[in-house]
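Visitor: Protein sequences, first through last, are from chains W and Z.
If you use our numbering, the first sequence corresponds to residues 1 to 114, in order.
If you use our numbering, the second sequence corresponds to residues 115 to 228, in order.
Got a structure for you, questions after.
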Amino acid sequence: ETGVTQTPRHLVMGMTNKKSLKCEQHLGHNAMYWYKQSAKKPLELMFVYSLEERVENNSVPSRFSPECPNSSHLFLHLHTLQPEDSALYLCASSQEFLQGYGYTFGSGTRLTVV
Amino acid sequence: DQQVKQNSPSLSVQEGRISILNCDYTNSMFDYFLWYKKYPAEGPTFLISISSIKDKNEDGRFTVFLNKSAKHLSLHIVPSQPGDSAVYFCAASGQGGGADGLTFGKGTHLIIQP
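Shown next, in the form of C-alpha cells:
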C-alpha cells in the first residue's frame, strides 16, 4: 500500500466508550499530523509529531490522546467523548518538518458520538 | 479569529469557462500558500502552491495568484472540467513551518455545470 491509510473509515461510539483511530503512512515521511474537520468549520490542527516526538498540541482536550510509536504509525485514542466531538478526523504526513511542503492526507475517519 | 478566509461557500461555473476561487488571509507572517482539492469520502489532495516571493504560479490548467499587499490569493482553473467539481481549500503556512501545521479556510464547493 502507498500513501496515508486511516482506519476505520467510519466509527460510531457512545460517550463512555474508548476507541482508537489509526493512521499509517508508507511514504517515508518524518512528520505526521491529526486534523479535525467539523461541519462548516476549517480544518483544525490537533497534534503534530516530528520523528515520533510530539511538537504541537493545539489546546486539545485530554479526552483525545495521541500516540506515535514509530514514524509510520499514528494513533488517536478517544475516551469519554462528547457529541460535539463528532467530526471527520484526518491524518496527514509531510516529508520534513519544513514549511512549503504539501501534506499528504488520508481519507479520514468519520466519527459520530452518540 | 479566522486567519484564512474563503468567503464563498459555493461556486457554480459552466464547463469550459474559467473558475476563480478566492482566499483572503490576515496573518502577515504567512509566507507559503497552498490549495487543496477534496472529493467526498476522500482526504484533501495537494493541488498547487505559491511562495510569498512570487505573485503567480502556473501548473497546467491551474494558476494561483498572490497579492501580498491585499493579503489575497486566487485560484484560476481554465478551462473548467466536470472532474473539477470538488471542495477547494486554501491553506497557509507561516515561518514556524511544519510545527504550526497549515491553517485552512473553510473551503469553497465548486460545481461545474455541463
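All C-beta atoms in this analysis are idealised placements derived from N, C-alpha and C, irrespective of residue type, glycine included.
1. Taking 8 angstroms as the threshold (beta carbon to beta carbon), is Val114 of chain W in contact with chain Z?
2. Under a Cβ-count criterion, where at least 16 other Cβ atoms within 10 Å of its own Cβ denotes burial, should Gln120 of chain Z be classed as buried or exposed?
3. What are the partner residues of Glu44 of chain W, as DSSP defines its beta bridges?
4. Can you tell me which of W:His26, W:Tyr35, W:Gln25 puts its alpha carbon nearest to the alpha carbon of Ser86 of chain W?
5. With a CB to CB cut of under 7 angstroms and the five nearest residues on each side skipped, what residues in its chain are close to Leu135 of chain Z?
6. Just verifying my parser: in three-state terms, what is the DSSP assignment at Asp145 of chain Z?
7. For Arg9 of chain W, tell me which candidate among Z:Gln117, Z:Lys151, Z:Glu156 has the shortest Cα-Cα distance.
8. When you compare the CB positions of Thr217 of chain Z and Ala200 of chain Z, do they come within less than 8 angstroms of one another, or not?
9. Could you pull the start and end residues of the beta strand (DSSP E) that Asp173 of chain Z belongs to?
10. Pairing CB atoms from the stretch 18–25 of chain W with CB atoms from the stretch 35–44 of chain W, are three or more of them under 8 angstroms?
11. Is the CB-CB distance between His73 of chain W and Ser20 of chain W below 8 angstroms?
12. Distance check for Met13 of chain W and Gln82 of chain W, CA to CA, integer angstroms please.
13. By Cβ distance below 6 angstroms, which residues in the same chain neighbour Leu180 of chain Z in space, the five residues on each side in sequence not counted?
14. Is Leu45 of chain W closer than 8 angstroms to Tyr33 of chain W when the C-beta atoms are compared?
15. If we define contact as Cβ-Cβ less than 8 angstroms, is Gly197 of chain Z a contact residue for chain B?
16. Are any of the Cβ atoms in chain Z nearer than 8 angstroms to that of Leu43 of chain W?
17. Within 10 angstroms of its Cβ, does Ile132 of chain Z collect 16 or more other Cβ (buried), or is it exposed?
Guide: Straight from the coordinates:
1. No, because no Cβ of chain Z sits closer than 8 angstroms to the Cβ of Val114 of chain W.
2. Its Cβ being crowded by 16 or more others within 10 Å, Gln120 of chain Z is buried.
3. For Glu44 of chain W, the beta-bridge partners assigned by DSSP are W:Lys36.
4. Out of W:His26, W:Tyr35, W:Gln25, W:Tyr35 has the C-alpha closest to the C-alpha of Ser86 of chain W.
5. Once the five neighbours on either side are set aside, the close Cβ partners of Leu135 of chain Z are Leu125, Ser188, Leu189, Tyr202, Thr222, Leu224.
6. Looking at Asp145 of chain Z - three-state DSSP - the assignment turns out to be strand.
7. The residue with the shortest Cα to Cα distance from Arg9 of chain W is Z:Glu156.
8. Cβ distance not < 8 angstroms, so Thr217 of chain Z and Ala200 of chain Z don't count as in contact.
9. Counting along the chain, Asp173 of chain Z sits inside the beta strand (DSSP E) bounded by residues 170–173.
10. Not touching, per the Cβ criterion.
11. Cβ distance not < 8 angstroms, so His73 of chain W and Ser20 of chain W don't count as in contact.
12. Approximately 10 angstroms, taken between the alpha carbons.
13. Contacts found: Ile164, Asp169, Leu187.
14. For the 8 angstroms CB-CB criterion, Tyr33 of chain W and Leu45 of chain W form a contact.
15. Of the protein chains in the structure, W and Z, none is chain B.
16. The C-beta of Leu43 of chain W comes closer than 8 angstroms to at least one C-beta of chain Z.
17. A residue is called buried when at least 16 other Cβ atoms come within 10 angstroms of its Cβ; Ile132 of chain Z does not meet this threshold and is exposed.
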